[in-house]
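Just below is one structure, and these are the notes that go with it.
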Amino acid sequence: MSTTGLGSLPGDEIREWTKVLLEAVDIPFLAELPSRPYGDMLSRAVAVLNELAADLQPAGWRLTGGGDPRASLDQRRARSLLAEDLDALEELADGYTGPLKLQLTGPWTLASTVELPRGDKVLADHGARRDLAQTLALGLSDHVAEVRRRVPGAEVVVQIDEPGLPAVLAGAVPTASGWSKHRSVDGPGAVELLSLVTTQAPTVIHCCAARPPIEVFTKSGAAGVAVDISLLNNAAWDQIAIAAEAGTTLYAGLIPTTGALPNEEQAAGPLVRRWRELGLDPELLKKVVITPACGLAASPSPADARSRLELLRRTADAVAEAAENS
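Residue numbers (full-length UniProt numbering): 1 to 326.
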């Protein structure tokens with residue numbers, strides 16, 4: 001069984017975290033440190049948008065007119081920070097071979113968060129949200145190629161973060177006025193744009209919701225789905241079971257991001273129990289990747305976050321033992 005994290009971590013020391021991640025988890029990843037200016041998940045995505053310009057307003061990121069990315073000082077700063085992080089990764093991962101994960105905000109979460117030049121969300125404009133998704137896919141392609149160049153032994157895995165997609169599908173994203181909601185997007189429409197960003201590398205789509213749209217993720221070409229096990233309702237588990245039996249890898253969020261740490265048996269228990277209740281093959285359980293419930297940026301300290309990452313391996317061993325005994 002493998003372990004990994006879901007992207008965000010506390011603190012601002014990218015070099016220290018890169019060293020830790022190359023040792024602490026089976027699938028190291030390029031950390032997101034949102035406590036730094038331009039270090040959050042949205043800024044990371046804006047940094048890879050090579051053909052769209054955006055600037056940072058008090059309300060968040062907004063696309064700008066003219067189509068010249070060089071016009072945005074904020075975007076250049078976000079790109080500079082990403083380049084610094086890649087420099088650290090290249091140096092510290094010298095000679096590394098194996099899986100290496102990159103995280104990027106997905107097209108639907110980006111469209112429901114980033115504003116158009118006139119002020120409403122990109123989600124409001126069908127053409128604009130497709131342009132954004134296409135540009136994101138092109139930027140991701142360049143990003144993946146850059147990481148492969150810097151770390152030649154890396155087997156790149158891409159994690160697409162879509163925390164906003166359930167609200168998009170439900171028609172629950174407020175309009176600029178706040179008096180109404182944007183029209184809901186249907187499943188095929190959601191698949192269409194997600195499919196643009198699942199072709200650059202093996203892709204896992206992450207969504208912490210009680211009922212993440214697993215079917216949308218798998219139909220878009222995702223090889224894996226990352227979820228918070230503690231939040232899943234029965235309908236979500238039914239979709240997880242179907243996906244697992246079809247060969248989709250489950251990234252199971254078992255370690256809480258804050259609060260008291262469980263022991264490994266307590267952390268493994270909810271996954272193992274539900275797996276048995278659903279009558280799923282124990283051999284499939286051995287293929288699950290163990291993760292924290294979500295990103296660890298809310299952890300009170302880097303030391304606390306590191307303890308949670310260290311618990312991943314012990315939890316994976318407990319899950320593997322339970323699978324052997326099933």
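The C-beta atom is built at its ideal place from N, Cα and C for all residues, glycine as well.
- For the 8 Å CB-CB criterion, Glu51 and Leu104 do not form a contact.
- Per DSSP, His206 lies in no alpha helix (DSSP H); the unbroken beta strand (DSSP E) holding it starts and ends at Thr203 to His206.
- With distances taken between CA atoms, Thr64 lies nearest to Arg118 out of Ala322, Arg118, Cys294 and Leu285.
- By the Cβ neighbour-count rule, Pro107 is buried, with 16 or more other Cβ atoms within 10 Å of its own.
- Inclusion of Ser72 and Asp55 in the CB contact set at 8 Å is warranted, their separation being smaller than that value.
- Per the C-alpha coordinates, the member of Ala322, Leu116, Ala210 and Thr218 positioned closest to Ala293 is Ala210.
- Beta bridge pairing from DSSP links Tyr251 with Ala226 and Val289.
- About 15 Å separates the CB atoms of Gln200 and Val151; that is not less than 8 Å, and the two are not in contact.
- Residue nearest to Glu264 within the set Leu254, Thr258 and Arg273 is Leu254 (criterion: CA-CA distance).
- The three-state secondary structure of Ala244, taken from DSSP, is helix.
- If you ignore the 5 residues before and after Ala318, its C-beta comes within less than 6 Å of the C-beta of Glu264, Glu265 and Ala268, all in its own chain and listed in chain order.
- Leaving aside the five residues that flank Leu285 on each side, the residues in its chain whose CB is nearer than 7 Å to its CB run, in chain order, Trp275, Val319 and Ala323.
- Here the alpha carbons of Glu162 and Arg15 stand approximately 27 Å from one another.
- For Ile229 and Leu278, the gap between their C-alpha atoms comes out near 14 Å.
- DSSP places Asp304 outside any beta strand (DSSP E); the residue lies instead in the alpha helix (DSSP H), whose first and last residues are Pro302 to Glu324.
- Judged by DSSP secondary structure, Arg62 falls within the beta strand (DSSP E) whose first and last residues are Gly60 to Leu63.
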